[in-house]
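In my numbering, the protein residues as written are 28 to 355. Glycine included, every Cβ here is placed at the ideal spot set by N, Cα and C.
In structure tokens:
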């Protein structure tokens, strides 16, 4: 098997079809699906643009001993007893339809299609935040420890970030991604149950020295309610972050969810296993008023704590001044 080291435009298929469609074994298996990780739009464009991008993958059986896979604009060529000249010809077709390099950062999205894990490179906007301004004082030393831990080489571990919506978890994750020092791999909440899939270990062994961001993990990390049976997904995370596989893989996990963690599994609390754990809460009243003053926000002085989302989406606030968007 040979993987082409650059992305290829979909119209390369037309040439491949013309070259091989007369062969008796020729066949093509196509898959069209929707992209649920659309790039962020400017606020005024969001309401107008409600379309979802369609993505295309396929497997082409060119002949009995030659198969080409096209996934996320990448080409894999599988062959046996094929003359080098023919492989060179296929490579040249790919070269003719090579995509221009995209300016992407170090974020990759995990997809799970046909019982197979893959990665799709993505882009995350840099947030306009300051840790000491947008978060409570008790988070400042925790954030420093988290960043130090994530940048350490040859080390595995687990970070748990939780709290109610709008308190800044997602913005802080964006901040970590834009540090640009490590490969970040994002797993959405609908894939949490796939952490127990046997193929997940095979997949993750190819992602050494990476940082996994796993969303909506409350059920995964919670206690088994008196049962001795531990969640298989949790077992995999423990083995990878602080078990037999940790020395080999050096993978770090950031697990997030939008709720207080009422009953964490005791297996996670063993000394040295958790690198950090923090519950995001409403911004303290004095911090809210300090933020209003320093950023000149059109909000009256407050007498109670507020979430960042409430502050930046305060009723009657004027967004026409071209302020940078801050998503929380």
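Sixteen is the threshold: when 16 or more other Cβ atoms of the shown chains lie within 10 Å of the Cβ of residue 196, as they do, the residue is buried. Where residue 304 is concerned, the enclosing beta strand (DSSP E) starts and stops at 301-307. Positions of the beta strand (DSSP E) runs, each at least 3 residues long and wholly inside the stretch 202-282, are given as 210-214 and 237-242 in order along the chain. Pairing residue 193 with residue 312 gives a Cβ-Cβ distance that is not under 7 Å. Residue range 101-106 is occupied by the beta strand (DSSP E) that includes residue 106. DSSP places residue 159 in the helix class (H, G or I) of the three-state scheme.
The stretch 259-273 makes no contact with the stretch 143-158: fewer than 3 CB pairs, one atom from each, lie closer than 8 Å.
Taking 7 Å as the cut-off, the Cβ atoms of residue 237 and residue 210 count as close. Residue 98 sits in a strand when the DSSP states are folded into three classes. Judged by DSSP in its simplified three-state form, residue 295 adopts helix.
Taking all protein chains in view, the Cβ of residue 286 is surrounded by fewer than 16 other Cβ atoms within 10 Å, so the residue is classified as exposed.
Here residue 84 is bridged, per DSSP, to 58. Nearest to residue 52 by C-alpha distance, out of 31, 44 and 37, is 44. In this structure, the beta-carbon distance from residue 50 to residue 103 does not fall below 7 Å. Taking 4 residues as the minimum length, the alpha helix (DSSP H) runs contained wholly in the stretch 306-339 are 312-322 and 335-339, in order along the chain. Within the stretch 119-190, the runs of alpha helix (DSSP H) at least 4 residues long that lie entirely inside it are, in chain order, 158-161 and 166-178. When DSSP states are grouped into helix, strand and coil, residue 117 belongs to the helix group.
Excluding sequence positions up to five before and after residue 113, its CB lies less than 7 Å from no other CB in the same chain. Rounded to whole angstroms, the separation of the alpha carbons of residue 340 and residue 275 is 45 Å. In terms of CA proximity to residue 295, 248 leads the group 331, 205 and 248. Taking the CA atoms as reference points, residue 315 sits about 10 Å from residue 327. Beta-bridge analysis with DSSP links residue 35 to 125. For the 7 Å CB-CB criterion, residue 169 and residue 303 form a contact.
According to the DSSP secondary-structure assignment, residue 93 is paired through a beta bridge with 90 and 106.
Beta-bridge annotation (DSSP): residue 30 is paired with 103.
When the five nearest sequence neighbours on each side are left out, the beta carbons in the same chain lying within less than 7 Å of the beta carbon of residue 93 are those of 106 and 109, in order along the chain.
Sixteen is the threshold: when 16 or more other Cβ atoms of the shown chains lie within 10 Å of the Cβ of residue 84, as they do, the residue is buried. Around the beta carbon of residue 36, fewer than 16 other beta carbons lie within 10 angstroms, which makes this residue exposed. It is roughly 54 Å from the alpha-carbon of residue 31 to the alpha-carbon of residue 320. Residues of the same chain with a CB within less than 8 Å of the CB of residue 318, apart from the 5 flanking positions on each side, are 160, 161, 310, 324 and 338 in chain order. Residue environment: residue 28 is assigned as exposed (fewer than 16 neighbouring CB atoms within 10 Å of its CB, all protein chains considered).
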